[in-house]
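Chains as they are written, first to last, in my numbering: chain A, 45 to 639; chain P, 85 to 323.
Built from N, CA and C at the ideal position, the CB exists for glycine as well.
Treat the numbers as computed from the prediction; the structure is a model and nothing was measured.
Below is one structure; the comments refer to it alone.
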Amino acid sequence: MNLLKTAFYTISFIALLMLSSCEYQTDKIYFKEVNKDVSQPDLTVNLNLNSDTIYIYSYSTIKLSLQLTNKTLYAVKFFLDGNEYPLANYSGDVNTYSFDINLTGEPVTKVRAEIYTSTGTGSIADKIGAESFIFKSKEWVLINVPDKPVITSEVIDGRLKISWTPIKSSLKSKYLISTSYHKDSTYNNWYIDSTYVGGQNYISLEIKDNDVSGYHAYSEINYPFPTVFIDNKDKFKVCWEKCKFYNNIAGYSCEIDNEVYNTKISDTTFVYKNGILGHYTYVTFGLLLKDYYKDNSKVRYYFSNAAYYPIDWAQKRRYIGGIFYPYTGNTFYFWSDDNGVGKLYKYSLDTKTYTSQVTSPSSYYSNYSVSPNNKYILYDNSGNLKLMATDGMINVKDFPIKNISPSGSYYGSNVSDLATIVYWNYVLKSLTVYDILNEKPICNIPFTDDYFHQGSISANGKYLFEPWTSTIYKIENNSYTKVWSYPNTTSKFKFYQFSPDMQTTIALYDGSTFYLKNCSDFSTLASFSLNNNEKVINVDFEKKKILTYNNLFFYVYSLADGKLLNSIRTSNYVNTRLFDDNIFMENVQLNLNDL
Amino acid sequence: MNFKLFLISGFVLCFSSLKAQNVQFCFQTGYGFYDMSSAKVITTKSFEQLPFDAKIISNYPTYHYYQPMIKFIGKRTDFGFVYLFQTTGSRISAKDYSGEYRFDSKINCHSPGLIINQVINDYGIIKMGLYMQIGANFSAMKLNEYLQIDTISRSNDYKLSASSFYFEPGLHLVYPKDSWGIELNVGYYKEFLRTDYTGENNSIIPIKKSFNESDMWDGLRIGLTFTYTIPERDTSNKD
Chain A
45 MNLLKTAFYT
55 ISFIALLMLS
65 SCEYQTDKIY
75 FKEVNKDVSQ
85 PDLTVNLNLN
95 SDTIYIYSYS
105 TIKLSLQLTN
115 KTLYAVKFFL
125 DGNEYPLANY
135 SGDVNTYSFD
145 INLTGEPVTK
155 VRAEIYTSTG
165 TGSIADKIGA
175 ESFIFKSKEW
185 VLINVPDKPV
195 ITSEVIDGRL
205 KISWTPIKSS
215 LKSKYLISTS
225 YHKDSTYNNW
235 YIDSTYVGGQ
245 NYISLEIKDN
255 DVSGYHAYSE
265 INYPFPTVFI
275 DNKDKFKVCW
285 EKCKFYNNIA
295 GYSCEIDNEV
305 YNTKISDTTF
315 VYKNGILGHY
325 TYVTFGLLLK
335 DYYKDNSKVR
345 YYFSNAAYYP
355 IDWAQKRRYI
365 GGIFYPYTGN
375 TFYFWSDDNG
385 VGKLYKYSLD
395 TKTYTSQVTS
405 PSSYYSNYSV
415 SPNNKYILYD
425 NSGNLKLMAT
435 DGMINVKDFP
445 IKNISPSGSY
455 YGSNVSDLAT
465 IVYWNYVLKS
475 LTVYDILNEK
485 PICNIPFTDD
495 YFHQGSISAN
505 GKYLFEPWTS
515 TIYKIENNSY
525 TKVWSYPNTT
535 SKFKFYQFSP
545 DMQTTIALYD
555 GSTFYLKNCS
565 DFSTLASFSL
575 NNNEKVINVD
585 FEKKKILTYN
595 NLFFYVYSLA
605 DGKLLNSIRT
615 SNYVNTRLFD
625 DNIFMENVQL
635 NLNDL
Chain P
85 MNFKLFLISG
95 FVLCFSSLKA
105 QNVQFCFQTG
115 YGFYDMSSAK
125 VITTKSFEQL
135 PFDAKIISNY
145 PTYHYYQPMI
155 KFIGKRTDFG
165 FVYLFQTTGS
175 RISAKDYSGE
185 YRFDSKINCH
195 SPGLIINQVI
205 NDYGIIKMGL
215 YMQIGANFSA
225 MKLNEYLQID
235 TISRSNDYKL
245 SASSFYFEPG
255 LHLVYPKDSW
265 GIELNVGYYK
275 EFLRTDYTGE
285 NNSIIPIKKS
295 FNESDMWDGL
305 RIGLTFTYTI
315 PERDTSNKD
């Protein structure tokens, strides 16, 4: 039995040893013969570093592009002072590699590149990228330039000259210039801009070196355009300064009412004569360009404004309550509000100035009247009638209206040169001719009908015209006589006006025929037809002219024979007067002699 | 491996105390034609992904197995305990002047079990019988990937294990000679109820899904068994 056990243990032990040593095992390997004699990489490398030493002005981009035909590219590495620099950009399709570099604080830096390609042996190391050809570039020196380039400008001989700090480089550098209007290039560090004519101009400057130097300069210049203004004191005139850049322009251009007027380069004014009277006329002004590039525009417009055509005699005084004209002379009056205080102004056509003469709370509609030969001014001032002598603008009379009209209402005529008036007397139902200087009535002309009658008195106070009955009365020796009356028709004449002279004639217009009559016997001195529907504005007896209006046109006729003298386009006919060969329409004036 | 040795030792110790009567010690060895389909996929896929030229040296080929047994001999029926050890593996290899690459795999299986034989015919001294073997499998797979470029090398190791059961029906011819004998065995090994091949930290081999239950150790096994039967002691003299 002991033998049996010994045998059993021995066999078991041998079996265990055998089992543990009989694992699967193979020593075979696959050894491959590889040809290490392979071709060199067909590698072409381009770097944007164009000289051994490069001055870096700011943020710079170093670019490497390569062509590799027979190997696989593994890696491109840049080294700055021996330290690998991370690539900022990689464009795989064109094999262009770049990195941005900022040398701030580093005076000198050395840079080089390494390119790794496959060997093409087919070995294990080659296939997993652990075996490669290495192309090592030479080393470039980059020098930091802390002073940034500066652009300056000046005007020379009517052109803009731009200058800048030249680049530090061993190579001749080409500067690319970009302005707001065009692009150009030069090898100089200055440039004559033959396109700039003024205004804001953004100038950008760079070197065509693939951004390696980082040389960039930028400046914004702004030479003001020539000052322009509209002068309509005497004429409608556009005025301007001479352009500093006169050699870069071909002239000046005014666009007025959609019409373009080009002027010569030597001109500094343009007088516009084709406007519409009273029209607020817009003017656009610009410079005619010699060369035009970027915006493809021949004119550089920069000014736009508007003014009344043709003459604004009031000059910026926009609120004019009323204008009061005599029949003769060249002085008239107007009422205007001056900071809440109503004032009567006297305006002289000779000096083209106005002066404040009277401070008055009365507004313009308070029955202002100027005597035909400019001797008196009569007006209603808060229930008082005031008479002012125009010579020195002195009040000569001031009394309550109730003295002549118990109701306190005054419906009076113009004042004559003798300071007489005619007004409707409610109590007597008559037209009363009144002597203001002596404060006494001269005579009363009674009426039996119930109509309200008015009258116009002649310059010498001898005649008055009642328009309802179309009657001329002669006032003499404190009584009246009827000179002439138009029978059976009321308001025959749409227009009537006494002459200011002592002969006393009256102009009448019945809607088709204009008459000039002698007041003493109503004989016709002149008569002629006017176009239908014309509205007679007034007669200038001194200049012997008639002003009419029809359909946005003023017409000026000869008082002698009715010949049409002028046709003038207008925007309206409100508060218009032909006075001393001028048409006044509120603040606007047109001198007939300028036509 | 310690656990398996402990198990085997346990069997041995248990039966070492039995009364030595009709006890037969056997050692069988031969070739196992292992299926290993899924394991071969690992080799193939790995090979296809290599960027360089390499070669599959071996891919889980037919290989030796070893199987010691203790059987209790009856007139026509025997039964006993077996311990089966199977092993195979693979290699992908590449080597040139620049370096070397190897991807080795080795898989072992330790399988304790039971066996029963039944003689179905006699041809003189030679007996022909059927046998059925059943037991448990403890498989261990080792993967090693090795790369050397110039003087720099790197090696990665992975270990996976799985367990299962098996049975193996077969036919054998026995030629006894005194206490010694030799047998020819032909059987078909079938594995079942296998677990996943899991690695350290319970990681599962990535191609686990292709490891179905019948594609690893399954296959034909042909071997020779050497036997030694302990002669029966004559107890009549004691009486």
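Listed along chain A are Ile168, Ala169, each with a C-beta nearer than 7 Å to that of glycine 183 of chain P. Around glycine 173 of chain P, the beta-carbon contacts reaching into chain A at under 9 Å are Glu67, Tyr68, Gln69, Thr70. In the structure shown, glutamate 264 of chain A adopts extended strand secondary structure according to DSSP, grouped into three states. Note that the region 251-262 of chain A touches the region 96-109 of chain A; at least 3 beta-carbon pairs, one per stretch, sit closer than 8 Å. The beta carbons of tyrosine 398 of chain A and lysine 387 of chain A sit no closer together than 8 Å. With a contact defined as Cβ atoms closer than 8 Å, serine 162 of chain A and aspartate 180 of chain P miss out at about 15 Å. Straight-line measurement puts the Cα of leucine 244 of chain P at about 20 Å from the Cα of phenylalanine 131 of chain P. Contact annotation, arginine 613 of chain A with leucine 321 of chain A: C-beta distance approximately 6 Å; criterion of less than 8 Å satisfied. In this model, serine 502 of chain A and alanine 463 of chain A are separated by some 11 Å (Cα to Cα). By the CB criterion at 8 Å, asparagine 306 of chain A and threonine 239 of chain A fall outside the cutoff. Linking lysine 192 of chain A to cysteine 283 of chain A through their CA atoms gives a straight-line distance of about 43 Å. For valine 78 of chain A, the chain P residues whose Cβ falls inside 7 Å of its Cβ are Asp180, Tyr181, in order along the chain. Among the residues of chain P, none has a CB under 9 Å from the CB of isoleucine 178 of chain A; the nearest is roughly 15 Å distant.
The contact set of alanine 174 of chain A on chain P, defined by CB atoms closer than 7 Å, consists of Ile233 in chain order. Spanning the alpha carbons of threonine 525 of chain A and tyrosine 517 of chain A requires a straight line of approximately 5 Å.
Counting only unbroken stretches of 3 or more residues, the beta strand (DSSP E) elements lying wholly within the region 69-120 of chain A are 87-91, 97-100, 104-112, in sequence order. Annotation: phenylalanine 123 of chain A to leucine 186 of chain A spans about 12 Å, alpha carbon to alpha carbon. When C-beta distances to chain A are compared with 7 Å, the residues of the region 124-157 of chain P below that value are Pro135, Phe136, Asp137, Ala138, Lys139, Ile141, Ser142, Tyr147, His148, Tyr150, Pro152, in chain order. Against chain P, the CB of tyrosine 118 of chain A has no partner CB under 8 Å away; the residue lies outside that interface.
Residue pairing for aspartate 201 of chain A: DSSP places it in no beta bridge. Against asparagine 269 of chain P, chain A offers no close residue; the least beta-carbon distance is about 17 Å (beta-carbon pairs closer than 9 Å). CA-to-CA, the gap between proline 130 of chain A and alanine 157 of chain A works out to about 12 Å. Taking the Cα positions, glutamine 151 of chain P is about 45 Å away from alanine 169 of chain A. Serine 413 of chain A and glycine 365 of chain A have their C-alpha atoms spaced approximately 14 Å apart.
Restricting attention to A:Ala119, A:Glu183, A:Ile195, A:Asp144, the CA atom closest to the CA of glutamate 175 of chain A is found in A:Ala119. Residue range 293-300 is occupied by the beta strand (DSSP E) that includes alanine 294 of chain A.
It is roughly 6 Å from the alpha-carbon of lysine 139 of chain P to the alpha-carbon of alanine 178 of chain P.
Residue contact check for lysine 190 of chain P against chain A: a CB pair falls below 8 Å. Cβ proximity to chain P below 8 Å picks out nothing from the region 192-208 of chain A. Beta-carbon to beta-carbon, glutamine 112 of chain P and leucine 308 of chain P are separated by about 7 Å, close enough to satisfy the 8 Å threshold. Within the DSSP bridge table, the entry for serine 502 of chain A names no partner.
When the beta-carbon positions are compared, valine 241 of chain A and serine 297 of chain A stay at least 8 Å from each other. In terms of beta-carbon proximity, serine 177 of chain P lines the interface with chain A, with at least one pair separated by less than 8 Å. Interface annotation, isoleucine 100 of chain A: not in contact with chain P, CB-CB separation never under 8 Å. For alanine 174 of chain A, the secondary structure class from DSSP, reduced to helix, strand or coil, is coil. By the Cβ-count criterion, asparagine 192 of chain P is buried, with 16 or more other Cβ atoms from all chains shown falling within 10 Å of its own Cβ.
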